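Student:
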Amino acid sequence: MKGPLFYSKILLFGEYGIIKDSKGLSIPYNFYNGALKTDKNPSEAAIKSNESLKRFVTYLEAINPELVTFDIEALKNDVNEGMYFDSSIPQGYGVGSSGALVAAIYYNYAHNKITVLENLTREKLLTLKSVFSEMESFFHGKSSGLDPLNSYLSIPILINSKDNIEATGIPSQKADGKGAVFLLDSGIIGETAPMVSIFMENMKQEGFRNMLKDQFIKHTDACVDDFLKGDVKSLFKNTKQLSKVVLNHFKPMIPAQFHELWKKGIETNEYYLKLCGSGGGGYILGFTEDIEKAKNALKDYKLEVVYNF
1 MKGPLFYSKI LLFGEYGIIK DSKGLSIPYN FYNGALKTDK NPSEAAIKSN
51 ESLKRFVTYL EAINPELVTF DIEALKNDVN EGMYFDSSIP QGYGVGSSGA
101 LVAAIYYNYA HNKITVLENL TREKLLTLKS VFSEMESFFH GKSSGLDPLN
151 SYLSIPILIN SKDNIEATGI PSQKADGKGA VFLLDSGIIG ETAPMVSIFM
201 ENMKQEGFRN MLKDQFIKHT DACVDDFLKG DVKSLFKNTK QLSKVVLNHF
251 KPMIPAQFHE LWKKGIETNE YYLKLCGSGG GGYILGFTED IEKAKNALKD
301 YKLEVVYNF
């Protein structure tokens with residue numbers, strides 16, 4: 001093992017919106033994690049991960065040195081000796097598999113790195129975010145840098161706007177609370193890049209841009225405020241609206257076989273679904289005021305509770 005474990009994350013609110021300056025709220029999800037490792041007898045997955053790391057090293061060699069520099073020699077040596085990223089984080093599921101890898105590489109090999117133990121000023125957080133954005137772009141074209149940031153710091157992060165982010169506290173969970181945030185397994189692997197390019201294509205239309213500003217971002221911002229204040233009643237009202245907006249305007253990001261299920265939640269109020277990450281598969285995020293009702297309504301699917309109200 002080289003260095004600590006890095007955890008997966010869940011972007012509770014802000015998917016797509018944060019590209020256009022909506023608020024966002026991202027929390028670590030300790031159920032999944034990953035770490036850099038070397039084995040005497042590597043598995044097939046380890047060999048595949050090692051090959052991907054070799055390509056990543058080439059990419060990191062060419063990264064802007066004013067932004068970040070690495071101990072490339074040490075990194076190359078370790079990768080040539082078979083180092084790989086041993087991870088339980090499912091890929092293509094919207095819970096930050098590449099983010100955890102980026103965090104691990106930065107932690108182990110970056111020069112003059114910003115550490116978690118420092119006083120994390122807004123400047124330091126933004127510096128980390130831009131370093132991580134540049135590093136993670138290797139994996140899916142355009143990255144906000146938030147996933148690695150969350151994984152690296154392992155604390156909830158509040159995004160107020162592109163250049164205003166802060167570490168935040170979230171209301172503590174009620175162990176016996178009926179309300180819950182859960183992950184629903186779509187059973188399909190989603191790819192970030194194609195989803196983001198559909199979004200960028202849509203952004204060329206004025207109608208879509210207006211909808212984003214007047215509806216999507218409005219409800220997203222309200223959800224973030226409600227969640228942080230612990231105003232559960234208002235949160236569910238806004239999450240329902242958000243779920244509707246996503247169903248109406250982000251259909252390509254929702255796997256076709258979930259369109260009806262999505263609609264049913266809105267109609268029955270038993271649960272509300274939203275995208276987890278870029279969509280297209282992976283996990284779908286669910287919010288419910290009564291987890292038993294939701295489990296019953298979704299009994300054909302695998303649910304994982306991530307937070308109790």
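18 is the number that the UniProt record's numbering gives to position 18 of the sequence shown; each next residue is one higher, with no gaps.
Even glycine gets a Cβ: it sits at the ideal position worked out from N, Cα and C.
Owing to the predicted nature of the structure, the values given are computational and were not obtained by experimental measurement.
Tell me which same chain residues have a C-beta within less than 7 Å of the C-beta of A180, skipping the five on either side of it?
Tutor: T288, I291, V305, Y307, N308, F309
Student: With a threshold of 7 Å, establish whether the CB of I72 neighbours any heavy atom of the ligand FMN.
Tutor: The ligand FMN is absent from the structure shown, which contains no ligands of any kind.
Student: With DSSP as the reference, label E289 as helix, strand or coil.
Tutor: coil
Student: For E44, which option in Y32, E166, M83 has the closest C-alpha, if you only look at C-alpha atoms?
Tutor: Comparing Cα-Cα distances from E44 to each of Y32, E166, M83, the minimum goes to M83.
Student: Nearest to residue 325 by CA position, among L153, L125, I189, N64, is which residue?
Tutor: Because the chain in this structure spans residues 1 to 309, residue 325 falls outside the shown range and cannot be described.
Student: Measuring alpha carbon to alpha carbon, tell me which of A297, P171, Y32 ends up nearest K263.
Tutor: A297
Student: Just to confirm, are G286 and L146 a CB contact at a threshold of 8 Å?
Tutor: no
Student: Measuring alpha carbon to alpha carbon, tell me which residue in F216, L235, Q257 is nearest D21.
Tutor: F216
Student: Just list the residues that DSSP pairs F261 with in beta bridges.
Tutor: Inspection of the sequence shows that residue 261 is occupied by Leu rather than by Phe. For L261, which the question treats as bridged, DSSP gives no partner whatsoever.
Student: Put G207 into one of helix, strand or coil per three-state DSSP.
Tutor: helix
Student: Between the stretch 267-274 and the stretch 68-86, do at least 3 Cβ pairs fall closer than 8 Å?
Tutor: no
Student: Using 8 Å as the threshold, is the stretch 95-107 in touch with the stretch 4-18, meaning 3 or more CB pairs across them?
Tutor: At 8 Å Cβ cutoff, the stretches touch.
Student: Taking the straight line between their C-alpha atoms, what separation do you get for N248 and V79?
Tutor: 46 Å
Student: Would you say P148 and S26 are within 8 Å of each other, going by their C-beta atoms?
Tutor: No, Cβ-Cβ distance for P148 and S26 is not below 8 Å.
Student: How would you call M195, buried or exposed, if buried means at least 16 neighbouring beta carbons within 10 angstroms?
Tutor: It is buried - the Cβ of M195 has at least 16 other Cβ atoms within 10 Å.
Student: Rounded to the nearest angstrom, what separates D300 and A294 at their Cα positions?
Tutor: 11 Å
Student: Quick one: using the 10 Å Cβ neighbour count with 16 as the cut-off for buried, is K23 buried or exposed?
Tutor: Buried, because 16 or more other Cβ atoms sit within 10 Å of the Cβ of K23.
Student: Is the distance from the Cβ of F13 to the Cβ of T220 below 8 Å?
Tutor: yes
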